[in-house]
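Scroll down for the structure; my scribbles are underneath it.
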Amino acid sequence: MTLISSNLFAIGDLQGCHQSLLDLLKRINATTPDAHFIFVGDLVNRGPQSLATLRLIRSLGDRAQALLGNHDLHLLAAAHGIRKLHKSDTLDEILNAPDRDELLDWLRHRPLALLQQDHLFLHAGVLPQWSASQTLALAQEVENVLRGPNWVDFLREMYGNQPARWDDALQGNDRLRCIVNALTRLRFCTADGTMEFNAKESTGTALPGYLPWFDVPQRQTQDVTVVCGHWSTMGLVLRPNLIGLDTGCVWGGKLTAVRLADRLLLQVSCPQAQRPG
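Just so we're aligned: the sequence shown equals residues 26 to 302 in my numbering.
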């Protein structure tokens, strides 16, 4: 799907904050009535109304595209008994909904990466050796599996931190797992692209030898603007070639949208902030 470029907004992690989404869409429509949207993943979980949020995004139809984040994949895995729900999860309403199967089927057909008007959209990060075109091709490999007949089998093999470094020779589930981890979980990595998943705080908390993925020298996606979410402790980032949109709405921060054509910034607060869990 190609969205209308001049009126395209990128929107950060929702995590089930339905009222904040309604408030933000109202503000966007006041400035840009014919707006289109790309949501950068983590549509559900931890917030109070994951079901209503998912239904609303789906109802936007061709006006919106939504990426898969780690919480969205967690929902798919939990729905098939592959992952247990955490005590802080707020997914029961979706799992018990009468339209559950329709929503989950729609969700598993969402992309992991998109490229539009020189902006590369993904949920978490991109490894330094991947170009924008390679990122899209690798994302497509996973998307093909998730949209295929054996997608539940893949979910059973998707979790784990190994391999922690990309190699073009990787095959099978190791290859797919590495792609998923980069696109939906990455925060810190080394200059050679070795990923580290334990550090989750601000960008200054990297272990020795590790950097925020976007600060790795000679990163191959520096020729496009990467638009991402996932890192609420980092907050809003607006650089010439990076837009970070997870401003921690569900944790008492804000829900953020940026109009890509001119970097117009719109934010709303979350009326029902959750405690991290």
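Even glycine gets a Cβ: it sits at the ideal position worked out from N, Cα and C.
What's the C-alpha gap between residue i and residue j?
{"i": "Cys295", "j": "Gln196", "result": "42 angstroms"}
{"i": "Gln165", "j": "Arg212", "result": "21 angstroms"}
{"i": "Arg108", "j": "Val177", "result": "12 angstroms"}
{"i": "Thr246", "j": "Ser156", "result": "5 angstroms"}
{"i": "Leu128", "j": "Pro233", "result": "42 angstroms"}
{"i": "Pro265", "j": "Leu285", "result": "11 angstroms"}
{"i": "Ser113", "j": "Leu98", "result": "16 angstroms"}
{"i": "Gln154", "j": "Gly218", "result": "7 angstroms"}
{"i": "Ala89", "j": "Arg125", "result": "20 angstroms"}
{"i": "Leu208", "j": "Pro237", "result": "14 angstroms"}
{"i": "Ser158", "j": "Thr281", "result": "27 angstroms"}
{"i": "Arg300", "j": "Ala162", "result": "Note that Arg300 has pLDDT 41, beneath the 50 cutoff, so the model's placement of it is unreliable and no number is given."}
{"i": "Leu291", "j": "Ala194", "result": "43 angstroms"}
{"i": "Ile36", "j": "Gln141", "result": "15 angstroms"}
{"i": "Arg200", "j": "Thr56", "result": "43 angstroms"}
{"i": "Val241", "j": "Val170", "result": "30 angstroms"}
Looking at the strands, I want to know which residues DSSP matches up with residue i.
{"i": "Phe222", "result": "Phe222 pairs with nothing; no bridge assigned."}
{"i": "Ala91", "result": "Phe64"}
{"i": "Ser294", "result": "Lys279"}
{"i": "Pro237", "result": "Phe213"}
{"i": "Ile107", "result": "Per DSSP, none; premise fails for Ile107."}
{"i": "Gly273", "result": "Lys279"}
{"i": "Ile268", "result": "Val252 and Leu263"}
{"i": "Phe146", "result": "Leu139 and Val252"}
{"i": "Arg284", "result": "Phe34 and Leu289"}
Residue i: which of the options sits nearest, CA to CA?
{"i": "Asp130", "options": "Leu49, Arg80 and Ile53", "result": "Arg80"}
{"i": "Arg172", "options": "Val151, His144 and Pro136", "result": "Pro136"}
{"i": "Pro58", "options": "Leu33, Ala77, Gly72 and Asn70", "result": "Leu33"}
{"i": "Ala102", "options": "Val205, Met259, Arg284 and Leu180", "result": "Leu180"}
{"i": "Ala149", "options": "Cys214, Cys42, Lys51 and Ala77", "result": "Cys214"}
{"i": "Glu168", "options": "Leu92, Gln40 and Leu263", "result": "Leu92"}
{"i": "Asp87", "options": "Gln44, His61 and His111", "result": "His61"}
{"i": "Leu116", "options": "Arg71, Gly106, Leu140 and Ala189", "result": "Arg71"}
{"i": "Thr160", "options": "Ala77, Asn175 and His144", "result": "His144"}
{"i": "Gly41", "options": "Gln74, Leu139 and Leu49", "result": "Gln74"}
{"i": "Arg288", "options": "Ile53, His255, Asn206 and Asp248", "result": "Ile53"}
{"i": "Val293", "options": "Leu39, Ser45 and Asp38", "result": "Ser45"}
Between which two residues does the alpha helix (DSSP H) containing residue i stretch?
{"i": "Thr209", "result": "Gly197 to Arg210"}
{"i": "Arg125", "result": "Arg125 to Arg133"}
{"i": "Val170", "result": "Ala157 to Leu171"}
{"i": "Asn70", "result": "Taken as a continuous stretch (DSSP letters only), Asn70 belongs to no alpha helix (DSSP H), as it is neither H nor E."}
{"i": "Gln44", "result": "His43 to Thr56"}
{"i": "Asp59", "result": "From DSSP, Asp59 is part of no alpha helix (DSSP H); its letter is neither H nor E."}
Span of the beta strand (DSSP E) holding residue i?
{"i": "Leu33", "result": "Leu33 to Ile36"}
{"i": "Ala138", "result": "Ala138 to Gln141"}
Would you say residue i faces chain B, with C-beta separation under 8 angstroms as the test?
{"i": "Val283", "result": "No chain B is present in this structure, which holds just one protein chain."}
Inset, instruction - Kindly confirm or deny that the stretch 271-279 and the stretch 185-195 touch, where touching means at least three C-beta pairs closer than 8 angstroms. - result: no
Inset, instruction - Count the C-beta pairs between the stretch 220-227 and the stretch 59-79 that are closer than 8 angstroms, then say yes if the count reaches three, no if not. - result: no
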